[in-house]
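By numbering that gives the first Met the number 0, the letter at position 284 of the sequence shown is numbered 283, and the numbering carries on one by one without gaps.
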Amino acid sequence: MKNDIMKGMTLFCTFLCAASMGCILYLSANKVITISEAGHEEIRNGRQDVNQIQEYVKGETASQEQVLTFVIGKSDTSYLRIPLPEKCSAEDIVVENHYMDKELCIIINGAKEEFYEENAISGNRSMVRQGLYEETQGNVRLIFQLTGICECRTILEDHYLYISFLSPREAYNKIVVIDPACGGLNVGVSAQGLLEKDVSLGIAKKLKEKLDQSDIKAYYTRIDDVNPDEKDRTALANETRADMYIRIQVDSHEDSSVYGTTAVYNGNYFIPGFGSVELADLLERSVVTNIKGKALGLSEAQAQEYVLRNVTVPAAAVKAGCITNKQEATLLGREDYQDKIAEGIYQAILSAYENYF
Numbered sequence: 000m001k002n003d004i005m006k007g008m009t010l011f012c013t014f015l016c017a018a019s020m021g022c023i024l025y026l027s028a029n030k031v032i033t034i035s036e037a038g039h040e041e042i043r044n045g046r047q048d049v050n051q052i053q054e055y056v057k058g059e060t061a062s063q064e065q066v067l068t069f070v071i072g073k074s075d076t077s078y079l080r081i082p083l084p085e086k087c088s089a090e091d092i093v094v095e096n097h098y099m100d101k102e103l104c105i106i107i108n109g110a111k112e113e114f115y116e117e118n119a120i121s122g123n124r125s126m127v128r129q130g131l132y133e134e135t136q137g138n139v140r141l142i143f144q145l146t147g148i149c150e151c152r153t154i155l156e157d158h159y160l161y162i163s164f165l166s167p168r169e170a171y172n173k174i175v176v177i178d179p180a181c182g183g184l185n186v187g188v189s190a191q192g193l194l195e196k197d198v199s200l201g202i203a204k205k206l207k208e209k210l211d212q213s214d215i216k217a218y219y220t221r222i223d224d225v226n227p228d229e230k231d232r233t234a235l236a237n238e239t240r241a242d243m244y245i246r247i248q249v250d251s252h253e254d255s256s257v258y259g260t261t262a263v264y265n266g267n268y269f270i271p272g273f274g275s276v277e278l279a280d281l282l283e284r285s286v287v288t289n290i291k292g293k294a295l296g297l298s299e300a301q302a303q304e305y306v307l308r309n310v311t312v313p314a315a316a317v318k319a320g321c322i323t324n325k326q327e328a329t330l331l332g333r334e335d336y337q338d339k340i341a342e343g344i345y346q347a348i349l350s351a352y353e354n355y356f
């Protein structure tokens with residue numbers, strides 16, 4: 000009898016241990032936690048407890064923006080898997096890549112925030128540092144703060160949006176970074192009623208129209224009146240591993256009779272074949288030819304020119320005229336003249352790819 004009781008107790012304990020282990024494994028595989036400011040590596044590996052993760056606060060909008068939940072478990076997919084409301088179609092989805100902010104924004108028209116309170120995101124989160132959502136004017140915005148600059152490919156299937164993240168080099172063969180100087184409160188040089196920030200941006204917008212029609216992927220440090228940090232401008236060129244970085248500026252001179260175009264190159268790095276000097280020479284020659292202007296020659300970037308000196312790809316700035324010269328300032332303020340400068344830069348880019356790549 001005693002032996003029978005002992006055998007029964009042993010079997011019961013074995014069963015209880017097996018059941019407990021099964022529950023633990025199930026909960027570990029399907030644990031749902033909230034992405035926040037906690038370390039990305041800790042979240043990715045599921046080692047951080049839910050109660051240890053601090054709530055994400057973003058200024059005055061913290062009451063509107065909610066933190067997205069992510070399913071933590073073994074992931075054998077290369078996609079981030081985002082659930083969508085049943086009636087959501089491709090026409091209801093807008094994907095915006097704010098690469099200067101390392102942020103991916105997905106706008107889902109007609110969705111309600113309650114849907115993302117109840118439905119978690121799963122799949123590959125290696126590029127996602129944290130996620131937020133907010134409901135605004137009949138739609139929900141999903142905001143993913145990323146670990147780096149990337150491109151996205153999307154697939155819509157069975158009420159899920161699948162997103163794969165690619166490095167710029169995986170997505171494109173030809174990459175240039177265009178940097179209109181100054182912006183925001185930093186107006187740059189000014190004279191004759193013109194501001195450098197406006198002229199450089201006007202030229203960049205004309206250049207964008209041309210590059211948009213080509214097979215060249217162009218990244219822009221700004222395309223409106225903002226002033227990105229110099230380190231962020233530098234990072235855009237370096238992280239995308241661009242073929243070339245081109246800064247658009249205007250010049251000034253104590254002698255108002257001086258006019259013409261010059262180019263400044265990064266002398267910190269020697270790049271065999273096609274480097275910063277070759278890029279600067281191409282830019283100056285092409286712009287001067289296109290505007291039928293005057294070349295003032297090349298110069299090496301000085302210590303205060305942070306971006307040019309720290310970009311590790313072929314880098315040059317084209318100064319498309321002297322804003323302090325009355326006649327040249329009049330031209331620089333005209334849209335048709337800005338378009339000619341943009342065409343000169345565009346032709347220099349094409350020539351670089353044709354002859355050096």
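The C-beta atom is built at its ideal place from N, Cα and C for all residues, glycine as well.
On a predicted model such as this, the values are computed, not experimentally measured, just so you know.
Residue(s) in a DSSP beta bridge with residue i
{"i": "C321", "result": "D250"}
{"i": "P82", "result": "Y159"}
{"i": "E299", "result": "Y264"}
{"i": "F143", "result": "L103, G130"}
{"i": "N96", "result": "L103"}
{"i": "G383", "result": "Any property of residue 383 remains undetermined from this structure, which presents the chain solely from 0 to 356."}
{"i": "Q65", "result": "Y132"}
{"i": "F269", "result": "For F269, which the question treats as bridged, DSSP gives no partner whatsoever."}
{"i": "T153", "result": "I162"}
{"i": "A294", "result": "T260"}
Same chain, Cβ closer than 7 Å to residue i, neighbours up to 5 away in sequence not counted
{"i": "E327", "result": "Y258, G320, C321"}
{"i": "R80", "result": "I120, S121, G122, Y159, Y161"}
{"i": "K410", "result": "The shown model of the chain, from 0 to 356, leaves out residue 410, and the question about it has no answer."}
{"i": "K205", "result": "Q337, D338, A341"}
{"i": "I270", "result": "P313"}
{"i": "M99", "result": "T220, P227, D231, L235"}
Inter-residue Cα distance where the pair is residue i and residue j
{"i": "V139", "j": "T261", "result": "48 Å"}
{"i": "P82", "j": "S88", "result": "12 Å"}
{"i": "T329", "j": "Y336", "result": "10 Å"}
{"i": "Y345", "j": "I202", "result": "11 Å"}
{"i": "K339", "j": "Y218", "result": "21 Å"}
{"i": "F273", "j": "V310", "result": "15 Å"}
{"i": "A180", "j": "T135", "result": "34 Å"}
{"i": "T220", "j": "E334", "result": "21 Å"}
{"i": "V66", "j": "N118", "result": "12 Å"}
{"i": "F164", "j": "E283", "result": "37 Å"}
{"i": "Q129", "j": "A234", "result": "21 Å"}
{"i": "V249", "j": "V188", "result": "8 Å"}
{"i": "K230", "j": "E85", "result": "43 Å"}
{"i": "A351", "j": "V186", "result": "31 Å"}
{"i": "F114", "j": "E133", "result": "11 Å"}
{"i": "A110", "j": "S125", "result": "26 Å"}
{"i": "A300", "j": "N265", "result": "6 Å"}
{"i": "N96", "j": "V127", "result": "13 Å"}
{"i": "S256", "j": "S199", "result": "22 Å"}
{"i": "V225", "j": "D197", "result": "11 Å"}
{"i": "E353", "j": "E253", "result": "39 Å"}
{"i": "K291", "j": "L184", "result": "33 Å"}
Span of the beta strand (DSSP E) around residue i
{"i": "Q129", "result": "127–135"}
{"i": "K216", "result": "216–219"}
Where the alpha helix (DSSP H) containing residue i begins and where it ends
{"i": "I290", "result": "275–290"}
{"i": "V306", "result": "305–309"}
{"i": "F114", "result": "112–117"}
{"i": "N237", "result": "229–239"}
{"i": "P313", "result": "Note, P313: premise wrong, no alpha helix (DSSP H); not H, not E."}
{"i": "D178", "result": "Looking at the DSSP string, D178 is not in any alpha helix (DSSP H); the run it does join, the beta strand (DSSP E), is 174–179."}
{"i": "N185", "result": "From DSSP, N185 is part of no alpha helix (DSSP H); its letter is neither H nor E."}
{"i": "N354", "result": "334–355"}
{"i": "Y198", "result": "First, the amino acid is wrong: residue 198 is Val here, not Tyr. Residues 195–210."}
{"i": "A170", "result": "167–170"}
Cβ shell of residue i (< 6 Å), same chain only, five flanking positions each side left out
{"i": "S298", "result": "V263"}
{"i": "R240", "result": "R168"}
{"i": "V93", "result": "I106"}
{"i": "E342", "result": "N289"}
{"i": "N237", "result": "T311"}
Cβ neighbours of residue i in the same chain (closer than 8 Å, five flanking residues each side left out)
{"i": "Y355", "result": "G272, F273, E277"}
{"i": "I348", "result": "V175, L210, I215, M243, I245"}
{"i": "A294", "result": "G259, T260, T261, E283, R284, V287"}
{"i": "E367", "result": "Beyond the ends of the chain as shown, which are 0 and 356, falls residue 367; an answer cannot be given."}
Any non-hydrogen atom of the ligand FAD within 7 Å of residue i CB
{"i": "E113", "result": "Absence of the ligand FAD from the depicted structure is noted, as is the absence of any ligand whatsoever, leaving it without description."}
Determine, using beta-carbon pairs with one atom in the region 303–322 and one in the region 276–289, whether at least three such pairs fall under 8 Å.
yes
Validate contact between the region 153–169 and the region 292–305 using beta carbons, cut 8 Å, 3 pairs:
Fewer than three beta-carbon pairs drawn from the region 153–169 and the region 292–305 are found closer than 8 Å, and the two stretches are therefore not classed as touching.
Taking one C-beta from the region 232–246 and one from the region 177–194 each time, how about it: are there three or more such pairs within less than 8 Å?
yes
Measuring CB atoms only, is the region 140–154 touching the region 188–201, in the sense that at least three cross pairs come out at less than 8 Å?
The answer is no - the region 188–201 does not touch the region 140–154, with fewer than three Cβ pairs under 8 Å.
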